[in-house]
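Trainee: Using the working numbering, the first residue of the sequence shown is number 6, and each one after it goes up by one. The C-beta atom is built at its ideal place from N, Cα and C for all residues, glycine as well.
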Amino acid sequence: MTVKDILDAIQSPDSTPADIAALPLPESYRAITVHKDETEMFAGLETRDKDPRKSIHLDDVPVPELGPGEALVAVMASSVNYNSVWTSIFEPLSTFGFLERYGRVSDLAKRHDLPYHVIGSDLAGVVLRTGPGVNAWQAGDEVVAHCLSVELESSDGHNDTMLDPEQRIWGFETNFGGLAEIALVKSNQLMPKPDHLSWEEAAAPGLVNSTAYRQLVSRNGAGMKQGDNVLIWGASGGLGSYATQFALAGGANPICVVS
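1) With C-beta atoms as the reference, is G242 less than 9 Å away from G183?
2) Count the other CB atoms within 10 Å of the CB of E75; is the residue buried (16 or more) or exposed (fewer)?
3) Between which two residues does the beta strand (DSSP E) harbouring R134 extend?
4) Counting beta carbon pairs with one atom in the region 46-54 and one in the region 107-127, are three or more of them shorter than 8 Å?
5) Just verifying my parser: in three-state terms, what is the DSSP assignment at R173?
6) May I ask you to verify whether the region 243-253 touches the region 183-193, counting CB pairs closer than 8 Å and requiring at least 3?
7) Under 9 Å, do K41 and H122 count as touching if we go by C-beta distance?
8) Need the endpoints of the alpha helix (DSSP H) that I61 sits in, please.
9) Give the DSSP-derived three-state secondary structure of R53 in the structure shown.
10) Less than 7 Å between C-beta atoms, sequence neighbours within five positions excluded: which residues of the same chain meet that for N88?
11) On a Cα-Cα basis, can you pick out the residue from F47, L28, R109, S159 that is closest to P97?
12) Got a sec, what are the start and stop residues for the alpha helix (DSSP H) K191 sits in?
13) Tell me the DSSP bridge mates of H122?
14) Nearest by alpha-carbon distance to L104: which of E147, V39, H163, E186 is it?
15) Suppose you measure from the CA of H163 to the CA of D19; what does that come to, to the nearest Å?
16) If we require 4 or more residues per run, which alpha helix (DSSP H) segments fall completely within the region 209-262?
17) Where do the N-terminal and C-terminal ends of the alpha helix (DSSP H) with A14 fall, by residue?
18) Give me the Cα-Cα distance between G245 and A27, rounded to the nearest whole angstrom.
19) Measure from the alpha carbon of S33 to the alpha carbon of each residue in I11, E43, T21, then state which is nearest.
20) Span of the beta strand (DSSP E) holding V155?
21) Use the C-beta contact count for N1: other C-beta atoms within 10 angstroms, 16 or more gives buried, fewer gives exposed.
22) Thinking just about the alpha-carbon of each residue, which of A144, G239, L168 is nearest to the one in L195?
23) Out of S84, P67, V85, W91, point me to the one whose CA is closest to S60's CA.
24) In angstroms, rounded to a whole number, what distance separates the CA positions of A141 and K55?
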């Protein structure tokens with residue numbers, strides 16, 4: 006069984022959830038990675054001179070072990086966020102430090118501490134497998150994944166998951182991200198894919214949309230009100246574009262800075 010066989014089955018109008026669940030998983034899949042042994046390749050260079058094309062690889066990597074509360078997803082579309090640029094130029098620090106620290110959390114988390122990092126913090130796709138304890142999702146479900154990977158064991162995160170001491174950005178501070186043919190996510194990252202959106206449209210807004218919403222609109226954000234002046238630094242990027250739209254939709258006055 007190859008990933009192409011899986012994609013063909015997903016796109017077949019005759020496939021049922023049972024058919025998707027019965028598909029054998031491949032031993033490996035293609036993924037965008039950076040390599041731990043190359044973290045010093047840009048040493049001494051200015052940021053503007055660090056070229057991600059030299060550090061990013063397209064590799065065949067093993068399908069990771071599926072743990073409790075997790076899902077393997079066939080990625081139909083993903084998107085590029087600036088955290089993938091940071092990862093690829095090893096700034097402000099190498100993300101392999103994140104993977105090493107996560108690997109010390111538990112035996113299961115050791116899966117993430119590898120000599121390569123599969124990057125990417127957005128996806129739209131189809132659930133292939135779910136781990137023990139996952140009841141809300143099943144093989145064949147069309148989903149999008151948000152970027153917050155959180156353990157949800159500490160009371161610190163009950164009111165705001167961003168305050169959980171074990172919250173991480175998936176595909177940046179964890180491995181097995183979305184710029185790949187298959188991704189590993191926590192099931193609590195999943196949301197139903199809107200039927201009216203294409204795979205690409207569904208995959209694009211996750212990280213930037215949720216970040217801008219939290220900052221400006223959510224109860225844990227700035228509490229933006231009608232008539233507020235909202236300074237948006239970097240308004241032409243993904244995050245800034247959503248912040249501008251939220252400000253306009255909320256009756257605020259976006260003051261946009263671009264370079």
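Mentor: So, from the data block:
1) As a first step, residue 242 must be located in the sequence shown, where it is residue number 237. As a first step, residue 183 must be located in the sequence shown, where it is residue number 178. Contact: no.
2) Along the sequence shown, one-based indexing puts residue 75 at 70. Looking at its Cβ environment, which holds 16 or more other Cβ atoms inside 10 Å, E75 is buried.
3) Position 129 of the sequence shown holds residue 134. Unbroken beta strand (DSSP E) run through R134: 128-135.
4) no
5) For this step, residue 173 is matched to residue 168 along the sequence shown. Strand at R173.
6) no
7) As a working mapping, residue 41 is identified with position 36 in the sequence shown. As a working mapping, residue 122 is identified with position 117 in the sequence shown. Their beta carbons are under 9 Å apart, which means K41 touches H122 by this criterion.
8) Reading the sequence shown from its first residue, position 56 is the one you call residue 61. Segment: none, I61 is in no alpha helix (DSSP H) and carries neither H nor E.
9) Looking up residue 53 in the sequence shown gives position 48. Correct three-state label for R53: helix.
10) Start at 1 with the first residue of the sequence shown, and residue 88 comes out as number 83. Around N88: S126, I174, F177.
11) Translated into the one-based positions of the sequence shown, residue 97 becomes position 92. Measuring from the Cα of P97, the nearest candidate turns out to be F47.
12) Working through the sequence shown from its first residue, we reach residue 191 at position 186. Run containing K191: none in the alpha helix (DSSP H); it sits in the beta strand (DSSP E), 187-191.
13) As a first step, residue 122 must be located in the sequence shown, where it is residue number 117. H122 pairs with V39.
14) Position 99 of the sequence shown, counted from the first residue, corresponds to residue 104. It is V39.
15) Against the sequence shown, residue 163 aligns to sequence position 158. Against the sequence shown, residue 19 aligns to sequence position 14. Their backbone Cα atoms lie some 42 Å apart in a straight line.
16) 211-221, 243-254
17) Locating residue 14 in the sequence shown gives position 9, counting from the first residue. From DSSP, the alpha helix (DSSP H) with A14 extends over 8-16.
18) Start at 1 with the first residue of the sequence shown, and residue 245 comes out as number 240. Start at 1 with the first residue of the sequence shown, and residue 27 comes out as number 22. Their backbone Cα atoms lie some 43 Å apart in a straight line.
19) By 1-based counting over the sequence shown, the position of residue 33 is 28. The residue with the shortest Cα to Cα distance from S33 is I11.
20) Here the question's residue 155 lines up with position 150 in the sequence shown. Note, V155: beta strand (DSSP E), 153-155.
21) An answer regarding residue 1 cannot be provided, because it is not within the stretch 6 to 264 covered by the chain.
22) Position 190 of the sequence shown, counting from 1, holds the residue named residue 195. If we check each option's Cα against that of L195, A144 comes out closest.
23) The residue given as residue 60 occupies position 55 in the sequence shown. Selected option, being the one with the closest Cα: W91.
24) Numbered from its first residue, the sequence shown carries residue 141 at position 136. Numbered from its first residue, the sequence shown carries residue 55 at position 50. Rounded to the nearest angstrom, the two C-alpha atoms are 43 Å apart.
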